[in-house]
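Enquirer:
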Amino acid sequence: MKDDFSEKDWQRLLRHLGEDPERQGLRDTPARVDKAWRHWTSGYGKDPAEILKVFEDGAEKYNELIVVRGIPVYSHCEHHLAPFFGTATVGYTPNGKIVGLSKLTRLVDCFAKRLQVQERLTIQVAEALMEHVQPLSVGVVIRCRHMCMESRGIQTPGEETVTSALLGEMRTNLGLRTEFLSLAREKE
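Using numbering that gives the first Met the number 0, you'd call the opening residue of the sequence shown number 0 and step up by one each time.
#1: Report the residue ranges of all beta strand (DSSP E) runs contained in full by the segment 51–108; include only those spanning at least 3 residues, in chain order.
#2: Can you confirm whether the segment 171–184 touches the segment 153–160 when touching is taken to mean that 3 or more C-beta pairs between the two stretches lie within less than 8 Å?
#3: If you follow the alpha helix (DSSP H) that threonine 28 is in, where does it begin and where does it stop?
#4: Out of Leu13, Asn62, Gly69, Ala111, state which residue places its alpha-carbon closest to the alpha-carbon of proline 47.
#5: In chain order, what residues of the same chain have a beta carbon less than 7 Å from the beta carbon of arginine 14, not counting five sequence neighbours either side?
#6: Distance check for arginine 119 and cysteine 109, CA to CA, integer angstroms please.
#7: Are phenylalanine 54 and valine 98 close, meaning C-beta to C-beta below 9 Å?
#8: Please report the Cβ distance between glutamine 133 and asparagine 172, rounded to the nearest whole angstrom; I am assuming they are in contact, meaning their Cβ atoms lie under 8 Å.
#9: Suppose you measure from the CA of cysteine 147 to the CA of valine 116; what does that come to, to the nearest Å?
#10: Between which two residues does the alpha helix (DSSP H) harbouring leucine 175 extend?
#11: Using DSSP with H/G/I as helix, E/B as strand and the rest coil, what is threonine 121?
#12: Which residue's Cα is closest to the Cα of isoleucine 141: Gln154, Glu77, Val67, Gly174?
#13: Measure the beta-carbon distance from isoleucine 65 to leucine 106 and round it to whole angstroms, keeping in mind my assumption that it falls under 8 Å.
#14: For my contact list, glycine 85 and arginine 170 are in at a C-beta cut-off of 8 Å; report their separation, rounded to the angstrom.
#15: Give the DSSP-derived three-state secondary structure of glutamine 23 in the structure shown.
#16: Using beta-carbon positions only, say whether leucine 189 and valine 137 come within less than 9 Å of one another.
#17: Measuring only the C-alpha atoms, how far is glutamate 6 from valine 32?
#18: Whose C-beta lies closer than 8 Å to the C-beta of alanine 81 among residues of the same chain, with five residues either side of it excluded?
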């Protein structure tokens with residue numbers, strides 16, 4: 000893949016904003032911004048199948064919910080390139096296979112480090128877990144604040160957007176669904 004965007008483009012943006020990219024405080028900014036955006040969009044180079052390597056040992060008799068809450072979410076909206084951030088709760092009911100708990104955090108990070116909308120991010124995490132681990136059920140709840148709403152446009156600081164995806168038995172089993180959503184609720 001040819002790298003068409005360079006530090007010169009960031010310098011051009013600074014000039015467009017009315018700044019002098021050669022002034023002391025901004026000289027290294029183009030290189031820093033380039034490095035930052037490479038990090039913030041590093042999810043494009045990650046493969047969910049590689050992240051979700053499964054274990055069968057230890058899971059053969061476990062068939063209750065496994066839930067990880069408080070997973071950090073840092074992403075950028077595809078509409079304004081503005082950050083959105085919050086937390087995710089990811090849970091699943093194993094079907095003879097489990098993944099390391101850190102893999103759920105890595106899965107969220109994989110999709111969050113792409114230009115996103117929160118709704119897509121939520122379903123991507125759920126579908127990847129369902130496809131690669133093949134559990135009986137999957138639940139994902141994501142809560143985020145969006146800087147495109149807080150710092151521009153409607154300018155409403157502190158509002159939180161909540162999205163959810165429930166797949167497999169969690170969609171049809173009211174008890175399982177209720178248990179997951181109860182566990183996913185924020186600490187009061």
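C-beta atoms are modelled at their ideal positions from N, C-alpha and C, and glycine is treated no differently.
Expert: Considering the structure as presented:
#1: 65–76, 82–92
#2: no
#3: 28–39
#4: Ala111
#5: Pro20
#6: 13 Å
#7: yes
#8: About 17 Å separates the two Cβ atoms, so there is no contact after all.
#9: 11 Å
#10: 173–183
#11: helix
#12: Val67
#13: About 13 Å separates the two Cβ atoms, so there is no contact after all.
#14: Going by Cβ atoms, the distance from glycine 85 to arginine 170 rounds to 24 Å, so no, they are not a contact pair.
#15: helix
#16: Lying outside 0 to 187, the shown extent of the chain, residue 189 is not represented and no answer is given.
#17: 8 Å
#18: His75, His145, Met146, Cys147, Ser150, Arg151
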